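Read through the structure below, which is laid out as structure tokens, and then see the notes.
Numbering (UniProt numbering), first residue to last: 1 to 333.
Below is the structure:
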């Protein structure tokens with residue numbers, strides 16, 4: 001019997017977490033699935049751990065390291081299910097994720113479904129300090145008939161791959177794959193194509209996925225100089241799919257502004273928090289590069305801050321006050 005759904009699980013350096021991830025899959029109420037574990041050249045004992053699970057639904061593949069997008073595409077090519085689900089191997093899922101979302105896909109005849117997730121914030125010992133639910137409203141939308149209202153919460157939910165299940169034939173028909181070399185934004189670039197090509201959006205207002213937010217060791221994190229370009233690509237991709245959903249230009253610019261300002265703040269945080277060899281002068285030059293960019297100048301006036309801190313950020317960005325922004329970032333790193 002062919003599996004109803006293929007679960008693609010890329011694996012790289014997750015030996016501490018992979019057991020919980022795999023067990024949450026094997027404990028699903030819905031049992032007709034295949035689990036494709038993609039060893040992306042992992043140098044640790046992740047795959048040895050995976051091999052201890054004796055279950056004929058598990059298939060393990062080995063490949064040279066190519067990154068998350070490449071590993072997902074590898075699994076996509078080998079998937080045999082009617083549906084496909086991409087999961088991260090350091091997170092875990094609730095037992096009813098497959099059962100309830102596949103029921104929606106079958107009943108509504110959808111190309112994909114979007115569901116909520118829970119962010120579990122851990123300390124260095126792996127203890128959950130607190131959890132935050134990110135859950136969409138229960139919505140069914142048709143392109144050309146319904147109005148898509150995008151706020152910050154909806155925008156966040158639409159980007160990830162792991163809070164969606166896709167119809168495999170839909171992805172293959174349109175030759176959709178994850179773009180390699182786009183870490184940080186590979187999910188939204190992929191999903192923007194999905195949204196453009198599908199005529200329906202369905203949000204399931206339940207949280208099934210546990211995204212584990214672990215503290216990073218700053219010294220081993222690197223600042224990547226192409227981060228801003230990747231965030232720009234994400235913002236441009238948003239415009240492409242929002243136009244298809246008949247949003248007004250001003251609303252599109254508002255959403256783009258929210259996305260890009262979040263991206264700039266992410267880049268600033270990384271610039272001053274993570275390991276790099278840039279001097280103060282070079283950091284200020286990078287700030288000026290982001291603030292002077294044409295897209296930044298185009299959307300900044302559409303950004304609507306909701307608190308005093310955001311208002312200060314908008315003022316500094318809008319007026320290209322590199323010096324004060326540099327000083328603020330240096331003090332708060």
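For every residue, glycine included, the Cβ atom is placed at its ideal position computed from N, Cα and C. Given the structure is predicted, the values throughout are model-derived calculations rather than measurements.
Note that the C-beta distance between residue 239 and residue 256 is below 8 Å. Between residue 196 and residue 138, the C-beta gap is not smaller than 8 Å, which leaves the two residues out of contact. Taking one beta carbon from each stretch, the region 148-166 and the region 85-101 have 3 or more pairs nearer than 8 Å; the two touch. Fully enclosed beta strand (DSSP E) runs of no fewer than 3 residues occupy 58-63, 83-86, 112-122, 128-134 of the region 58-141, in order along the chain.
Just so you know, the alpha carbons of residue 302 and residue 325 end up roughly 20 Å apart. Cβ contact annotation for residue 214 (same chain, cutoff 7 Å, sequence separation greater than five): 122, in chain order. Shown here, residue 259 sits in a helix according to DSSP, grouped into three states. One Cα belongs to residue 54, the other to residue 188, and the distance between them is close to 35 Å. When secondary structure is reduced to three states using DSSP, residue 237 falls in the helix class.
The region 90-98 makes contact with the region 21-38, as at least three CB pairs between them are under 8 Å. Contact between the region 26-46 and the region 141-149 is absent: fewer than three C-beta pairs spanning the two stretches fall below 8 Å. In the three-state reduction of the DSSP assignment, residue 34 falls in the strand class, which pools E and B. The C-alpha of residue 223 lies about 6 Å from the C-alpha of residue 271.
Residue 234 counts as buried, since no fewer than 16 other beta carbons sit within 10 angstroms of its beta carbon. Excluding five sequence positions before and after residue 267, the CB atoms of its chain that fall closer than 6 Å to its own CB belong to 227, 228, given in chain order. Residues 260, 263, 293, 295 of the same chain have their beta carbon placed closer than 8 Å to that of residue 232, with the five preceding and five following residues left out of the count. Beta bridge pairing from DSSP links residue 6 with 34, 84.
Burial state of residue 34 is buried, judged by a 10 Å Cβ sphere holding 16 or more other Cβ atoms. The residue from 65, 109, 89, 61 with its alpha-carbon nearest to that of residue 79 is 61. DSSP, reduced to helix, strand and coil, places residue 210 within a strand of the structure shown. Distance from the Cα of residue 73 is smallest, within the candidate group 299, 119, 8, for 8. DSSP places residue 166 inside the beta strand (DSSP E), whose first and last residues are 164-167. Here the C-alpha atom of residue 289 lies approximately 28 Å from the C-alpha atom of residue 69. Separation of the CB atoms of residue 102 and residue 30 is rounded to 6 Å, and the pair is thereby assigned contact status at 8 Å.
Collapsing the DSSP output to three states places residue 278 in coil. Under the criterion of beta carbons closer than 8 Å, residue 5 and residue 98 qualify as touching, at roughly 6 Å. At a Cβ-Cβ threshold of 8 Å, residue 198 and residue 111 count as neighbours. Its chain contains 33, 34, 35 as the residues whose beta carbon lies nearer than 7 Å to that of residue 57, once the 5 sequence neighbours on both sides are disregarded; these appear in chain order.
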